[in-house]
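Peer 1: Protein chains in written order, with the working numbering: chain A, 1 to 212; chain B, 1001 to 1212.
There are 2 protein chains.
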Amino acid sequence: MTIDALTSAAVAPDTKTRSRGRPREFDMDAALDAALRVFSERGYHAASISELTEAMGLASGSVYKAFKDKRGIFLAAFKRYRQLGRGRLEARIAAAKTGREKVFQMVMYYAELSHGEAGLKGCLVVGGANDLSLLDAEAAGHVAAAFSADEKLMADLIRIGQADGTIPPTLDADATALTFLCLTKGFRVIGRTGRAEEEMMAAAEAAMRLVT
Amino acid sequence: MTIDALTSAAVAPDTKTRSRGRPREFDMDAALDAALRVFSERGYHAASISELTEAMGLASGSVYKAFKDKRGIFLAAFKRYRQLGRGRLEARIAAAKTGREKVFQMVMYYAELSHGEAGLKGCLVVGGANDLSLLDAEAAGHVAAAFSADEKLMADLIRIGQADGTIPPTLDADATALTFLCLTKGFRVIGRTGRAEEEMMAAAEAAMRLVT
DNA sequence: CTAATTAGGGAATGATCATTTCCAAATCAA
DNA sequence: TTGATTTGGAAATGATCATTCCCTAATTAG
């Protein structure tokens, strides 16, 4: 599934095309960054429209011009969160040379997001899985797609390592990819309780035994 | 921290001592089981008092006689959830002979909770970490204590394995215990998206490389 | 038996929530 | 310029939420 498929019709407006009428004054990306922060820290249900609008620097009326409803804000913020995160992750992976090192960089990426203050603020995808999986089938689909994308990426990296000789060819790449997926999402859960950087780094290092 | 320390004063009443006045008619444990199901499936904030009281088979007035407030219901349900889960986990571990097998049983315990319908319903501790970590310091403390207890238990099991020769003595028991903790809580997150039993079992098997 | 106490439950209560309405301001099409 | 269109924003709206009140019922203490 592509990330473009994330936005359902009329949930969020076009960011670029010039249309008639008064032009939008606020920066959509900045507003979504603010919204995403509120949703991530407080969770979907505890994030009130007043908190969202205040963080976004907009009146509620303006928000409802730009988004269909609270769910629409969430879905748009979720899409942006995935795009930004995926970009940062891919840049790190590209800089690593071997398959094994790419796997390590992916694990480290999530470990580094999961300690200290950043860790306390949580992950929008993990939060979405908790808050919406049984209540919103479409949102649940986006969450599952985000997990699947990570799982597939990790499986690809493992196979690269198996091809270049840095990961044993005998291990089950798909099963190990799911193990790594659970591990990295678990980092984000444990990170919400406030963990030291050294602890998370050590856990990431220990995890590399999975591909040894 | 002991599990007894979970209940703050006046949050939930004594279950046993006979007092004056009309005796309680409902079964506290059954009511808490119902409440923890609602909290686990819907999350703390999406669980309304009406849903809770309906599931518990009580009127709202009766619930507020037995608990201080919604938070009190949650804390009592959380305490019961931990007690029940810990008991089941310890029974499984006790049945295993070697340290390595005890570790495997602990991983399998969480893997089995994380597939199919049970997996979709989520984990109250993981949900608590997501819903309350930044909003309720006391609840956050209970969540952190639950994680710490699992982490310590896992570290103990690894050391048993290192002592009986089933786990390499060279590996870092504490770091690996945290890795396993993240992994098992990640199981519960991924389980919310609906995973097949075979997938989760394979991921649990693959995870045993961490102690190989 | 009577008074005190506690539980059960349904009907208020007041706060907060998501959403809508309405009007002024800014742009485009003609 | 004029009209249509869209945004910004403050105030209103109606629903839902957690919580309290109040009355009845069941028990214990004396």
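Built from N, CA and C at the ideal position, the CB exists for glycine as well.
Show which residues of chain A have a CB atom less than 7 Å away from the CB atom of B:Leu1084.
Peer 2: Those do not exist, as B:Leu1084 stays about 20 Å from chain A at its closest Cβ, beyond 7 Å.
Peer 1: For a quick check, are the C-beta atoms of A:Phe187 and A:Tyr110 less than 8 Å apart?
Peer 2: yes
Peer 1: Look at the alpha carbon of A:Thr193 and the alpha carbon of B:Leu1181, and state the distance between them as a whole number of angstroms.
Peer 2: 13 Å
Peer 1: Per DSSP, what kind of secondary structure is A:Tyr44 in: helix, strand or coil?
Peer 2: The answer is coil: DSSP assigns A:Tyr44 none of H, G, I, E or B.
Peer 1: Going by other Cβ atoms of all chains shown within 10 Å of its Cβ, with 16 needed for buried, is B:Arg1088 buried or exposed?
Peer 2: By the Cβ neighbour-count rule, B:Arg1088 is exposed, with fewer than 16 other Cβ atoms within 10 Å of its own.
Peer 1: Work out the CA separation of A:Asp174 and A:Ala155 for me, nearest whole Å.
Peer 2: 6 Å
Peer 1: For a test of the three-state rule: what should DSSP assign to B:Ile1049, helix, strand or coil?
Peer 2: It is helical.
Peer 1: Can you list, in chain order, the stretches of the alpha helix (DSSP H) that have 4 or more residues and sit fully within the segment 1070 to 1153 of chain B?
Peer 2: 1070 to 1095, 1099 to 1113, 1116 to 1121, 1124 to 1132
Peer 1: Helix, strand or coil for A:Lys68 per DSSP?
Peer 2: coil
Peer 1: Could you tell me which chain B residues have their CB closer than 7 Å to the CB of A:Lys185, listed as they occur along the chain?
Peer 2: Gly1186, Val1189, Ile1190
Peer 1: According to DSSP, is A:Ser22 part of a helix, a strand, or is it coil?
Peer 2: A quick correction: the sequence has Arg, not Ser, at residue 22 of chain A. Residue state, collapsed to three classes: coil.
Peer 1: Step through the CB atoms of chain B and report whether any lies within less than 8 Å of the CB of A:Val215.
Peer 2: Examination of residue 215 of chain A is not possible in this model, given that chain A is present from 1 through 212 alone.
Peer 1: Should A:Glu41 and A:Gly141 be called a contact, given that it needs their Cβ atoms to be closer than 8 Å?
Peer 2: no
Peer 1: Please classify A:Ala167 as buried or exposed, where buried requires at least 16 neighbouring CB atoms within 10 angstroms.
Peer 2: First, the amino acid is wrong: residue 167 of chain A is Ile here, not Ala. Per the 10 Å Cβ criterion, buried.
Peer 1: Mapping the DSSP letters down to three states, classify A:Ala59 as helix, strand or coil.
Peer 2: coil
Peer 1: Roughly how many whole angstroms lie between the Cα atoms of A:Lys68 and A:Ala137?
Peer 2: 17 Å
Peer 1: If I follow the unbroken alpha helix (DSSP H) through B:Leu1181, where does it start and stop?
Peer 2: 1173 to 1191
Peer 1: Going by DSSP, what residue range makes up the alpha helix (DSSP H) through B:Met1200?
Peer 2: 1197 to 1207
Peer 1: Report all residues from its chain with a CB closer than 6 Å to the CB of B:Thr1212; omit the five preceding and five following residues, and keep chain order.
Peer 2: Excluding residues within five positions, none has a Cβ falling inside 6 Å.
Peer 1: To be precise: take each residue of the segment 1101 to 1134 of chain B, compare its Cβ to all Cβ atoms of chain A, and keep it if any distance is under 7 Å. Which residues remain?
Peer 2: Leu1120, Gly1122, Val1126, Gly1127, Ala1129, Asn1130, Asp1131, Ser1133, Leu1134
Peer 1: So A:Glu25 and A:Val38 are supposed to be a Cβ contact under 8 Å. How far apart are they, rounded?
Peer 2: A Cβ-Cβ distance of about 21 Å is found for the pair A:Glu25 and A:Val38, leaving them out of contact under the 8 Å criterion.
Peer 1: Excluding sequence positions up to five away, which residues of its chain have a Cβ less than 6 Å from the Cβ of B:Ala1034?
Peer 2: Ala1055, Met1056
Peer 1: A:Arg24 touches chain B at which residues, Cβ-Cβ below 9 Å?
Peer 2: Chain B residues near A:Arg24: none, gap ~31 Å exceeds 9 Å.
Peer 1: Taking A:His45 as the query, report the chain B residues whose CB atoms sit under 7 Å from its CB, ordered along the chain.
Peer 2: Simply Gly1043, His1045, Ala1046.
Peer 1: Using 8 Å as the limit for Cβ to Cβ distance, is B:Ala1155 near chain A?
Peer 2: no
Peer 1: Going straight from the alpha carbon of B:Arg1092 to that of A:Asp29, what length do you get?
Peer 2: Distance between the alpha carbons of B:Arg1092 and A:Asp29: 50 Å.
Peer 1: Would A:Ser133 be called buried (16 or more neighbouring beta carbons within 10 Å of its own) or exposed?
Peer 2: buried
Peer 1: Using a C-beta to C-beta distance shorter than 7 Å, which residues of chain B count as neighbours of A:Val143?
Peer 2: Going along chain B in sequence order, the residues near A:Val143 (Cβ under 7 Å) are Thr1193.
Peer 1: Let me check understanding here. Comparing Cα to Cα, which of B:Ile1190, B:Gly1021, B:Leu1210 lies closest to B:Glu1112?
Peer 2: B:Ile1190
Peer 1: For B:Arg1159, return the contacting residues in chain A, with the cut-off set at a CB-CB distance below 9 Å.
Peer 2: Chain A residues near B:Arg1159: none, gap ~15 Å exceeds 9 Å.
Peer 1: Taking the alpha carbon of B:Ala1207 as the reference point, which residue from A:Met200, A:Thr176, A:Ala204, A:Glu199 has its own alpha carbon closest?
Peer 2: A:Thr176
Peer 1: State yes or no: is the beta carbon of A:Ala206 nearer than 8 Å to at least one beta carbon in chain B?
Peer 2: Interface with chain B (8 Å Cβ-Cβ cutoff): A:Ala206 is included.
Peer 1: Grab me the residues of A:Gly116's own chain with a C-beta within less than 7 Å of its C-beta, minus the 5 sequence neighbours each way, in chain order.
Peer 2: Within the same chain, A:Gly116 has close Cβ partners Glu197.
Peer 1: Roughly how many angstroms separate the alpha carbons of B:Arg1020 and B:Thr1053, rounded to a whole number?
Peer 2: 25 Å
Peer 1: Could you check what DSSP says for B:Gly1165 in three-state terms: helix, strand or coil?
Peer 2: coil
Peer 1: Quick one: does the C-beta of B:Leu1183 sit closer than 7 Å to a heavy atom of the ligand NAD?
Peer 2: No copy of the ligand NAD appears in this structure; indeed no ligand is present at all.
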